[in-house]
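In the working numbering, the protein residues as written are 43 to 431. We put the CB at the ideal spot given by N, CA and C, even for glycine. Predicted model only: the values in this text are computed from it and were never measured.
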Ligand code: PLP
C-alpha cells in the first residue's frame, strides 16, 4: 500500500480539461462536437512567431537557458509593459515560466501554509482554490455577483482581510465571467490595502488585452504605493494564441525574486529555449494578428450573448473582457452540472458548469466563445432544441 502525502489529496482539478477529454472521446466516436468549453483561442499562432522558434532551433538554441528566462525576452517583457501600461520596471523582476499558471502556483506556494489566509474570487479560475488547499492555507472566497457584472468591489475584499491574510488573488478581465473591475474600484482597494501592509497581491492579468467597448486595462502594477508587494501574472497563451507553447511570465517584487527563482530551479530548470525566442518575436513583432483576433472575439461576443438570450430559460449579461459568457440558467430549473452533462452528452455542445469555478457559480454556465460565429449559432440552436424537449 502506497502512502502519498495527504496534500496531494487536497488538489482539485480544472474541469475544462475533463470536459475536453470527454468531448474528444465523443468526437472519436463520430459525433460532431462543438467545443465551447476550453478557454483557448481557436486561432493559429501567428506565422512570424512560429518562424522565430524554428529559427532558434536551427541556430542551435538547444540547451538550458537561465532559470528565470533569457535576458532579451525579459527585456522585451519590460518594454511591452512600458508600452501597454506605462510602467517602468527592472527586467530583473521578470521571471519567465512555462505558462501563466506557474506564476500562480509559485505565488500560492510562497505564501500558503497552515494558519495563513488567502483570498480568491468565486466564481474564479479553479486552480486558485486548488493550490490554496494544497498549501494548507485557508481559502477565503470573495463572492462575485451577477448584479455587479461580476466585478469585484473593494469593500467585499477589504471586509475579508484579517491579520492572518497573506495573499490576495485578483483576476480582471476574469475567467469564467468576463467581468472587468473598474479603475475606481481598484483605486479604492489599493487605498484600503495600505492598512494591511503584510498582504501580497497576485494580479492575474492573463486576459489583459481582451477588453471590449473601448475599455482600458488597469494593472495593479500601475500603483506605486503597493509596487513592493504585487506579483503580476501574464503571458502569451491567450494574447498570441500560444496555449500549447507553455510560455508565461511573472513580475515579482524585488524581495521575492530569489524565492521564485529557486522554485523554478527546483521544478523545471528553465522554459523551452525555442519557445522563449518565439516569445520575443511575439512581443516585438507586428501586433496586427492580435488586433484581428480581438476584432473577431468582439464580434463573437455580441453573437453569443444575443443567441443565449434568445434561448428560453437562459439570460446573459454582456461580458466586458476575456472570451467567456456566463449565462444565468436558474430559470431552466436545472443545476449547472446537470446542464453541462446534458449539453455535452445529448446536444454534443461542450460548456462548463459554473460550479467548476466555485460555489457561487451555481446557476450559471461558462461558454467560451473562442469558436466561429457559425459554430456558436449552431450550438445555440442545439441548446434551444434540447431545452425545449
Ligand atoms: N489565469 C487564468 C485566469 C486563466 O484562465 C488561465 C488559463 O485558462 C491561466 C491563468 C493560465 O494560463 P496558461 O495557459 O498560460 O498557463
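Cβ-heavy atom distance, residue i to ligand 1, below 7 Å
i           : result
residue 143 : yes
residue 279 : yes
residue 122 : no
residue 237 : no
residue 400 : no
residue 91  : no
residue 248 : yes
residue 146 : yes
residue 219 : no
residue 87  : no
residue 107 : no
residue 365 : no
residue 81  : yes
residue 167 : yes
residue 290 : yes
residue 195 : no
residue 213 : yes
Pairwise C-alpha distance: residue j and residue i
i           : j           : result
residue 284 : residue 278 : 6 Å
residue 309 : residue 181 : 25 Å
residue 229 : residue 288 : 33 Å
residue 425 : residue 353 : 8 Å
residue 72  : residue 225 : 48 Å
residue 247 : residue 74  : 34 Å
residue 44  : residue 146 : 29 Å
residue 86  : residue 337 : 15 Å
residue 408 : residue 376 : 15 Å
residue 257 : residue 48  : 44 Å
residue 405 : residue 187 : 11 Å
residue 303 : residue 268 : 22 Å
residue 251 : residue 388 : 35 Å
residue 177 : residue 305 : 14 Å
residue 106 : residue 195 : 44 Å
residue 412 : residue 274 : 24 Å
residue 137 : residue 120 : 11 Å
residue 339 : residue 253 : 10 Å
residue 431 : residue 422 : 14 Å
residue 221 : residue 70  : 35 Å
residue 260 : residue 212 : 12 Å
residue 395 : residue 123 : 34 Å
residue 400 : residue 197 : 20 Å
residue 416 : residue 301 : 48 Å
residue 244 : residue 414 : 33 Å
Cβ of residue i within 8 Å of any chain D Cβ
i          : result
residue 43 : In the displayed structure, chain D is absent; only one protein chain is listed.
Sequence-distant residues of the same chain with beta carbon closer than 8 Å to residue i, five excluded per side
i           : result
residue 270 : 295, 296 and 297
residue 347 : 358, 359, 360, 361 and 367
residue 97  : 319
residue 104 : 315
residue 428 : 384, 385, 388 and 389
Classification of residue i by the beta-carbon crowding that lies within 10 angstroms, buried from 16 upward
i           : result
residue 335 : buried
residue 373 : exposed
residue 8   : No statement about residue 8 is possible, as the shown extent of the chain runs from 43 to 431 and does not include it.
residue 366 : buried
residue 112 : buried
residue 286 : exposed
residue 240 : exposed
residue 171 : buried
residue 341 : exposed
residue 50  : exposed
residue 218 : buried
residue 356 : buried
residue 204 : exposed
residue 392 : buried
residue 46  : exposed
residue 402 : buried
residue 324 : buried
residue 99  : exposed
residue 311 : exposed
residue 236 : exposed
residue 134 : exposed
residue 102 : exposed
residue 328 : exposed
residue 128 : exposed
Residues of its chain near residue i, where Cβ-Cβ distance is below 7 Å and the 5 sequence neighbours each way are ignored
i           : result
residue 95  : 316, 317, 319 and 320
residue 174 : 150, 154, 160, 162 and 181
residue 398 : 57 and 168
residue 109 : 303, 306, 307, 311 and 312
residue 410 : 78, 79, 80, 81, 365 and 366
residue 115 : 138, 318, 321 and 322
Cut-off 6 Å between Cβ atoms - residues of its own chain near residue i, not counting five sequence neighbours on either side
i           : result
residue 141 : 288 and 290
residue 265 : 232
residue 331 : 88
(request) Can you check the segment 213 to 283 for any alpha helix (DSSP H) of at least 4 residues that lies completely inside it and give the ranges in chain order? (result) 225 to 235
(request) With a floor of 3 residues, list each beta strand (DSSP E) that falls wholly inside the segment 54 to 129, ordered by position along the chain. (result) none
(request) Mind listing, in chain order, the continuous beta strand (DSSP E) runs of no fewer than 3 residues lying wholly within the segment 167 to 219? (result) 180 to 185 and 207 to 213
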